[in-house]
Amino acid sequence: MPNYYDILEIDKNATEDDIKKAFRKGALRWHPDKNKDNKEEAERRFKEISEANNVLSDPEKRKIYDLQGEEGVKQHEAGANNPNPGMNPFGNNPNNFFNMFFGGGGGNPFGGNPFGQHTRQNIIKKSEQKNVVIPVTLKDLYFGAKKKITIPIRRLCVGCQGMGGKNATTCVGCNGMGVVIISKMIGPNMIQQVQTICSSCNGRKKRVETPCTTCNTTGTVINDAEFVLKIDIGMDNNDKISYPNMGNENYEEERGDVVFILSLNDTDKRFTKVRNHLVYTQNIKIGDAIAGMKVHIDHISGEAIIYEETGIIPDKSFRIIRGKGMSNGGDLYIYYNIQYEDGEVILTPNQKELIKRILPTTQYKQPIDTMAPNLVTIEKLNHNFSIEKIIYYFVI
Ligand SMILES: [Zn+2]
Ligand SMILES: [Zn+2]
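Here the sequence shown is numbered in our numbering, starting from 11 and rising by one per residue.
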C-alpha cells in the first residue's frame, strides 16, 4: 500500500482544505462510473483514495498515521470500539463517496454518514401499489354486490426466487448495492447526481451465471389472480377496497397492495346519487307544469313510485319523498325540469284569450293593449337561464 500522501498527491504539510480538495479531485477522477473502460484500476484507485482521505481528513488519525503508519491507525480504530474496525468507511463502495457529499447530516467533515448504506439496507421497500378501477351501477350500491375480478399480478419466479438465474455473485457494476449514482458536472465544483437501478444486475445486487429460463432472467412472472369484491350497501363512488400484500412482488421487496376503486357509472342517467340520497330528474312538458300531472318513477329498488301533482309545477323545482333514497336511509328528490317545445309555442288568438281568462297575467298601470309596439328587434328566446347564467353569458 503506497503512502496516503502520495495517493492523494499532496505533501506532508498539506492543510485540511488541501486534503479535502485533493480527495475530491481524485475521487472524481477515479470514480468507477467515469472509468468504464478501466474499471478494475479505477475501483482500486478509488478505494485507496477513500482510505487515504478517511485517515488524513481526521486530525487525530492523521497524527497517528504520521507517527505509526497504517498499522497504528488500524489499532487505534479497533481500540476505539469502531463499529467496523479497520474497515474503509465507504464500505469500498464508490457510491458512498457521493453519499458523503450529498447525503444527510452526520459527524464526518463532509456532512454525510459513511455508514448510511448499512441503515438503508435494513429498510424493506414495499412494491408498488396496484390500483384497479371497477365500474359499478347504482343497483350494485343499492343492493350490495359481489364481483369476480381477474387481474394480472407480478410474482417472484419460483424457479429462481427472483434472482433471474443460478450461481449468483455480487454484481461488480454496483458493488452489490443494486443502484448506481450517475454524476455529471453541471458547473464549476457542482455535481448533479442521479440514483438509478444498476443496469448490470437490474437492481438485484447479484449477477447470475446460469440464466433462469422460466422467467427469462426477469426474476418475475405475471399470473392472473382472481379477487371476489364484496360491495357493501352504503358504499359510494370512489370508495376503495384494499387487499394488503396481495399485489405485485419484486425481488427483495415486501409485496405491494391491490386497491380497487369503485367508479359509479350507471347507464340510467335519470338518477344522481348524492351521499345516501337520490335525485331523480323528471322532465315535464309545459302543459304538465300548468295543469298538473301524475308522476311515475321506476325506482332502482324495483318499486314503482306513483303520485299526483295537482297544482302548477314551477320549472327547476323539486319535491322530497322521505326514505326513498338509497337503501341505507336517504331521501328521494324529484327535480322538475320543463322541456319547452322547439321554438315558441304559438297559440291561436282564441286559445290565448281562453288561457288569459283562466291564468293570471302581468298587469300594467295602463292597459297594455292600447300601446303600440316599438320598432325594436327582438331575438330568439333563450331557455334555462338564471340571472347568474345571463351575466356569465355577457362576460364570455
Ligand atoms: Zn449491479
Ligand atoms: Zn426465474
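Every residue gets a Cβ at the ideal spot worked out from N, C-alpha and C, and that includes glycine.
With distances taken from each beta carbon to the nearest heavy atom of ligand 1, which residues come in below 5 Å, in chain order?
The filter returns CYS181, GLY183, CYS184, CYS208, SER210 and CYS211, in chain order.
Helix, strand or coil for ILE59 per DSSP?
helix
What span of residues does the alpha helix (DSSP H) with ILE296 cover, start to end?
Residue range 296–301 is occupied by the alpha helix (DSSP H) that includes ILE296.
If we call anything under 7 Å between Cβ atoms a contact, is GLN349 one with ASN293?
A contact, by the Cβ cut-off of 7 Å.
Smallest Cα separation from LEU272: which of HIS41, GLU80, ALA155 and PHE404?
ALA155
Report back the beta-carbon spacing between ILE344 and ARG329 to the nearest angstrom; my notes put them in contact at under 8 Å.
5 Å
Buried or exposed: which applies to SER210, given that a residue is buried once 16 or more other Cβ atoms fall within 10 Å of its Cβ?
exposed
If the criterion is Cβ atoms closer than 7 Å, does the pair LEU66 and ILE29 meet it?
yes
Can you check which of these residues, GLU87, SER137, GLU50 and ASN392, is closest to ARG164 by C-alpha distance?
SER137
So the alpha helix (DSSP H) ALA24 belongs to, where does it begin and stop?
That residue, ALA24, is in no alpha helix (DSSP H); it is neither H nor E in DSSP.
Is DSSP giving PRO99 helix, strand or coil here?
Low local confidence applies: a pLDDT of 43 at PRO99 is under 50, so the model's placement there is unreliable, and no value is given.
Would you give the residue range spanned by the beta strand (DSSP E) that TYR14 belongs to?
Element bounds for TYR14: not the beta strand (DSSP E) but the alpha helix (DSSP H), 14–17.
Closest by CA to GLU53, which one among ARG39, ASN286 and ILE322?
ARG39
For PHE33, write down the residues that DSSP places opposite it in a beta bridge.
According to DSSP, which records beta bridges pairwise, PHE33 is partnered with nothing at all.
Please indicate yes or no: does the CB of THR220 lie closer than 6 Å to some heavy atom of ligand 2?
no
On the DSSP letters alone, give me the boundaries of the alpha helix (DSSP H) that LYS362 sits inside.
359–368
Taking 6 Å as the cut-off, is the C-beta of THR282 nearer than that to any heavy atom in ligand 4?
Questions concerning ligand 4 fall outside what the structure shown contains, since the ligands it does hold are ligand 1 and ligand 2.
Since ILE401 is in the alpha helix (DSSP H), which residue starts that stretch and which ends it?
397–405
Looking at C-beta atoms only, is the number of pairs between the segment 215–227 and the segment 142–160 that lie closer than 8 Å three or more?
no
Compute the distance between the beta-carbons of GLN202 and ILE196, then report whether it is under 7 Å.
yes
Three-pair Cβ contact test at 8 Å for the segment 137–150 versus the segment 178–194:
no
Consider the C-beta atom of PHE277 and the heavy atoms of ligand 2; say whether any pair is separated by less than 6 Å.
In the sequence on display, residue 277 carries Thr and not Phe. Not so, every heavy atom of ligand 2 lies at least 6 Å from the Cβ.
Would the beta-carbon of GLY340 be found less than 6 Å away from any heavy atom of ligand 2?
Flag unset: Cβ of GLY340 not near ligand 2.
Buried or exposed: GLY333, going by 16 or more other Cβ atoms within 10 Å of its Cβ?
That one is exposed.
Please list the segments of the alpha helix (DSSP H) lying wholly inside the segment 217–303, counting only runs of 4 or more residues, in order along the chain.
Counting only unbroken stretches of 4 or more residues, the alpha helix (DSSP H) elements lying wholly within the segment 217–303 are 296–301, in sequence order.
Evaluate contact between the segment 223–240 and the segment 169–176, counting only Cβ atoms and requiring at least three cross-stretch pairs below 8 Å.
Yes, they touch.
Under DSSP, the alpha helix (DSSP H) around LYS140 begins and ends at which residues?
Per DSSP, LYS140 lies in no alpha helix (DSSP H); the unbroken beta strand (DSSP E) holding it starts and ends at 140–146.
C-alpha gap between ASN103 and ILE191, whole angstroms
Unreliable placement is indicated for ASN103, whose pLDDT of 47 sits below 50; the coordinate value is still reported in the next sentence. One C-alpha to the other measures close to 11 Å.
According to DSSP, what are the bridge partners of VAL182?
Partner(s): none; VAL182 has no beta bridge.
When every heavy atom of ligand 2 is checked, does at least one fall within less than 6 Å of the C-beta of GLY9?
An answer regarding residue 9 cannot be provided, because it is not within the stretch 11 to 406 covered by the chain.
List the DSSP bridge partners of THR380.
Bridge partners of THR380: none, in fact.
Just verifying my parser: in three-state terms, what is the DSSP assignment at MET195?
strand
Expected contact under 8 Å - CB spacing of PRO254 and ASP267 to nearest Å
5 Å
Following a CB-centred definition, is THR291 positioned closer than 6 Å to any heavy atom of ligand 2?
no
At a threshold of 6 Å, does THR224 count as lining ligand 2 (C-beta to nearest heavy atom)?
yes
Contact check, ILE300 vs VAL355 under 8 Å by CB: the rounded distance?
Actually they are not in contact, since the Cβ atoms of ILE300 and VAL355 sit about 11 Å apart, beyond 8 Å.
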